[in-house]
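Numbers 1 to 221, taken from my numbering, label the letters of the sequence shown in order. Where a beta carbon is used, it is the ideal one built from N, C-alpha and C, also for glycine. Here's the structure, in structure tokens; my notes come after.
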Amino acid sequence: MLKKILSYFYPIKIYSQDSSLSKSLEITWSNGDLVVDSLNTNYSYGSLQRILKLGLKNIGFSKIQKMNTVLVLGVAGGSVIKTLIDDIDYKGKITGVEIDSEIIKIANRYFKLDEIEQLQIVIDDAFEFVLKTKEKYDLIIIDIFQDTKMPNFLFEDFFIDRICHLLKSKGFVLFNTMLLSKAENLRNQKLINEFKTEDFSIKSIPRVEKHNELIVIEKLV
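Put into structure tokens, the structure is as follows:
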């Protein structure tokens, strides 16, 4: 409790470890909350939780409450899962795909993800998972980073087409991206400009928490 109180004045690191995939991982008390950080950015809770909550609010909490299946690509500490359950009161099934088993161990220890009955965690590469899964989803959340970098496959036509194929009728994709350079701005703009299909709509929510842009895809039929 003392560390939590003191964290309103300055961050207090309580745990750190190296990860072969995420490099440095740290658990820190910050402004009264536990957060997960990599070397250069927030991985879960903190600003990232605010970013994704804004995206979910844009889709509509009432719509999400009625959904049956949610896929989360990139779990990290599980902050968006906590938002779905605690803030939106989502009761359906959540499948979380995370390539880094070490961060899931941390999430289970500090954030009790393994106590969420409606959550299934799959340790797998997101690209491989979306190729293999036969399920369809009402909502797909993409939140995949290696520190501040995003894998190139996330922006390839094949991957985006496959993600859209996995959506149920009237489903949504919430894609969190980070813009730290002109090239990354152009990358996002290219995706949005070239995404042309009568069955889907696409829009962006720019400059969330300064460096993030949310892309929302909706299946119209």
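Spatial distance of Thr69 from Ile27 (CA atoms): Their Cα atoms are separated by approximately 29 Å.
First through last residue of the beta strand (DSSP E) which encompasses Asn212: Its beta strand (DSSP E) spans residues Asn212 to Lys219.
For Asp33, the residue or residues it bridges with in DSSP: Ser30
Same chain, Cβ closer than 7 Å to Glu101, five either side skipped, listed in chain order: Looking at the sequence shown, residue 101 is not Glu but Ser. Result list for Ser101: Ile123, in chain order.
Host beta strand (DSSP E) of Ile141 (start-end): Tyr137 to Ile142
Proximity below 9 Å, CB of Asn31 to CB of Tyr15: no
Whether Tyr110 touches Gly77 by CB criterion (9 Å): yes
Where the alpha helix (DSSP H) containing Lys168 begins and where it ends: That residue, Lys168, is in no alpha helix (DSSP H); its beta strand (DSSP E) goes Leu167 to Met178.
Pair within 9 Å by beta-carbon distance, Leu220 and Leu174: no
Classification of Gln98 by the beta-carbon crowding that lies within 10 angstroms, buried from 16 upward: According to the sequence as given, residue 98 is Glu; it is not Gln. Per the 10 Å Cβ criterion, buried.
N- and C-terminal bounds of the alpha helix (DSSP H) containing Ile106: Ser101 to Phe111
Anticipated Cβ contact below 8 Å, Ile103 with Leu25, distance rounded: Leu25 and Ile103 do touch by the CB rule: their CB atoms are close to 6 Å apart, below 8 Å.
Those runs of the beta strand (DSSP E) which lie wholly inside the segment 63-101 and span at least 3 residues: 69-73 and 93-98, all fully within the segment 63-101.
Cutoff 6 Å; reference Arg162; Cβ partners in own chain excluding five residues on either side: Val130
Separation of Ser47 from Ile88, as counted between CA atoms: 18 Å
CB of Ile205 within 9 Å of CB of Asn58, strictly: Against a cut-off of 9 Å, the Cβ pair of Asn58 and Ile205 comes out as a contact.
Cβ-based burial, Ile224 [other Cβ within 10 Å; buried from 16]: Given a span of 1 to 221 for the chain in the structure shown, any question on residue 224 remains unanswerable.
Under 9 Å between C-beta atoms of Ile85 and Gln49: Contact flag unset, no.
C-alpha distance - Ile12 paired with Ser38, whole-angstrom precision: 15 Å
Contact the segment 143-155 vs the segment 173-190: 3+ CB pairs below 8 Å: yes
Beta carbon of Leu166 nearer than 9 Å to that of Thr133: yes
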